[in-house]
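Colleague: In the working numbering, the protein residues as written are 2 to 463.
Okay, here's the structure, questions in a sec.
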């Protein structure tokens, strides 16, 4: 190796060494820098202290008043709007308009507190849960169902509290049991409304439905019929016969027939007293042909007809079918009043338990009131005959017709033409034999004309 090559080799090696040293120094610097950054990051800094910001709670809405218009609908009036409910207060929502109510204002009485001071109102307090609240306003729709607004009641989560036991307990939530009580009250309200329409006035209906027992009327005579009302189911025992009290409206009813054999006197009916007055009936004497007289000897045919009649009257409609006063079926001449003692060819025959109204043959006969035709057929003694069921054990009978214009099962309205006057059966001339049957006992038709049993409250027996 010559002397010039040696310096070149060392120079090259030296450059490698210097380059490596520089690279190592750079790497070391990077490592030291990263270590310092990690140490700086690991230093625990004191937490930033959060500053509390007080947010004012919204003030409760000012409830001015409320009104429930029925068991479902009501409204609450606030200073800034109105809430309405359609489910008895289970849910409330903003009304579309705050002017007026969204449902009809019906005639429910609202009890509000007359005093204006807190002390006055605090004398009326209700307990909800374990806490008592002063009452601002309450409203009862019945003696058991009511709502109330309370001072401080906003904390209960419901604007109103409700009671279904007359105020003994109050609840802020309309629970399933409350809803059931409201439904039952609605059903009873419908029953009360249905029955109330039968009375002469709202006051009469209110008085009757507030009583335990009512007699329509409390004074009667033999041949009459009395309608009994009780506020509970059961039966009435009368003259050795039990009459079930049948449900209708908000009460339970039974017709009590006063047969001609009932003696005058006072008779207890529930907590009421039925007074029976004496009544004298006139006597009538008839002369008929031997052929007609012989008709009554055919007991087999008479009994067969009676079986059909009894069957027709055995299943009366379970409600009162009439809605208005009864009318006379024809404008005829009264030839035989109700209750006459009848002698035929000089011998006692029977008591005539109907009206005989003479009229020209073919005169149209009207249904005395609404009902269902229980029987329309030709019978042996009474000829062409019709029985109309007016419900609850009351039937009207039309006999000796020349023509039937209805058939068994037809529904008729008061005033409908059901047949024509005739003289079929045991009859001495064209006339209508007309009467009522109350629980299978004849009743004087004169009691019914231009009225109904519900309007007999102040009637005197006669």
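Note that beta-carbon positions come from the ideal geometry of N, C-alpha and C, so glycine has one too.
Assuming residue 218 and residue 460 make a contact with CB atoms under 8 Å, what is their CB distance in whole Å?
Modeller: That pair is a contact at about 4 Å.
Colleague: With H, G and I counted as helix, E and B as strand and the rest as coil, what does DSSP make of residue 163?
Modeller: Three-state DSSP puts residue 163 in a strand.
Colleague: Are at least three pairs of beta-carbons, each pair with one atom in the segment 427-445 and one in the segment 210-217, less than 8 Å apart?
Modeller: The segment 427-445, when compared against the segment 210-217, does not touch it at the 8 Å Cβ threshold.
Colleague: Decide if the segment 304-312 is in contact with the segment 324-332; the criterion is three or more beta carbon pairs, one per stretch, under 8 Å apart.
Modeller: Not touching, per the Cβ criterion.
Colleague: Taking its Cβ as the centre, do 16 or more other Cβ atoms sit within 10 Å of residue 97, making it buried, or is it exposed?
Modeller: The residue is exposed, with fewer than 16 neighbouring Cβ atoms inside 10 Å.
Colleague: To the nearest angstrom, how far is it from the Cα of residue 256 to the Cα of residue 190?
Modeller: Each residue's Cα considered, the two are about 25 Å apart.
Colleague: Looking at the secondary structure, which residues open and close the beta strand (DSSP E) in which residue 377 lies?
Modeller: First-last of the beta strand (DSSP E) with residue 377: 372-380.
Colleague: Please give the ranges of any beta strand (DSSP E) in the segment 378-436, keeping only runs that are unbroken, at least 3 residues long and fully inside the region.
Modeller: Counting only runs of 3 or more, we get 384-392, 395-402 and 418-421.
Colleague: Given a cut-off of 8 Å, decide if residue 384 and residue 420 are closer than it, judged by their beta-carbon atoms.
Modeller: Against a cut-off of 8 Å, the Cβ pair of residue 384 and residue 420 comes out as no contact.
Colleague: Rank 262, 253 and 233 by C-alpha distance to the C-alpha of residue 241 and give the top, closest one.
Modeller: With distances taken between Cα atoms, residue 241 lies closest to 262.
Colleague: My output table needs one value for residue 209: the three-state DSSP class, helix, strand or coil.
Modeller: If DSSP states are grouped into helix, strand and coil, residue 209 belongs with the helices.
Colleague: Hey, residue 358 and residue 382: beta-carbon distance below 8 Å or not?
Modeller: In this structure, residue 382 does not lie closer than 8 Å to residue 358 by Cβ.
Colleague: If residue 372 and residue 413 are in contact, beta carbons under 8 Å, what's the gap, nearest whole angstrom?
Modeller: So it is a contact: roughly 6 Å between Cβ atoms.
Colleague: Classify residue 106 as buried or exposed, calling it buried when 16 or more other Cβ atoms lie within 10 Å of its own Cβ.
Modeller: In this prediction, residue 106 has a pLDDT of 47, which is less than 50 and means its spatial position is unreliable; nothing more can be read from the coordinates.
Colleague: By Cβ distance, which residues of its chain are closer than 7 Å to residue 314, with the 5 residues on each side in sequence left out?
Modeller: Around residue 314: 375, 388, 396, 438 and 441.
Colleague: Given 8 Å as the limit, is there contact between the segment 163-181 and the segment 192-211, that is, 3 or more CB pairs closer than that?
Modeller: Not touching, per the Cβ criterion.
Colleague: Measure how close the beta-carbons of residue 431 and residue 360 come, nearest whole angstrom, since I'm counting them as under 8 Å.
Modeller: Yes, residue 431 and residue 360 are in contact; Cβ-Cβ is about 6 Å, under 8 Å.
Colleague: Hey, residue 333 and residue 405: beta-carbon distance below 8 Å or not?
Modeller: Result no, Cβ atoms of residue 333 and residue 405 do not sit closer than 8 Å.
Colleague: Please state if the CB of residue 341 and the CB of residue 446 are separated by a distance shorter than 8 Å.
Modeller: No. Outside cutoff.
Colleague: At the level of alpha carbons, what is the spacing between residue 466 and residue 62?
Modeller: Shown here, the chain extends from 2 to 463; a query on residue 466 therefore has no answer.
Colleague: Rank 352, 429 and 391 by C-alpha distance to the C-alpha of residue 296 and give the top, closest one.
Modeller: Ranking 352, 429 and 391 by Cα distance to residue 296 puts 429 first.
Colleague: Would you kindly report the start and end of the unbroken beta strand (DSSP E) that includes residue 128?
Modeller: First-last of the beta strand (DSSP E) with residue 128: 126-129.
Colleague: Is the separation between the beta-carbon of residue 268 and that of residue 277 shorter than 8 Å?
Modeller: Closer than 8 Å, so yes.
Colleague: Pull up the DSSP beta-bridge partners for residue 358, would you.
Modeller: The partner list for residue 358 (beta bridge, DSSP) reads 335 and 433.
Colleague: Within a Cβ cutoff of 6 Å, which residues of the same chain sit near residue 108, ignoring the five residues on either side of it in sequence?
Modeller: Any reading at residue 108 needs caution, since the residue's pLDDT is 42, under 50, leaving its predicted position unreliable; the model's value is listed next. Closer than 6 Å at the Cβ level, and outside the excluded window around residue 108, lies no residue.
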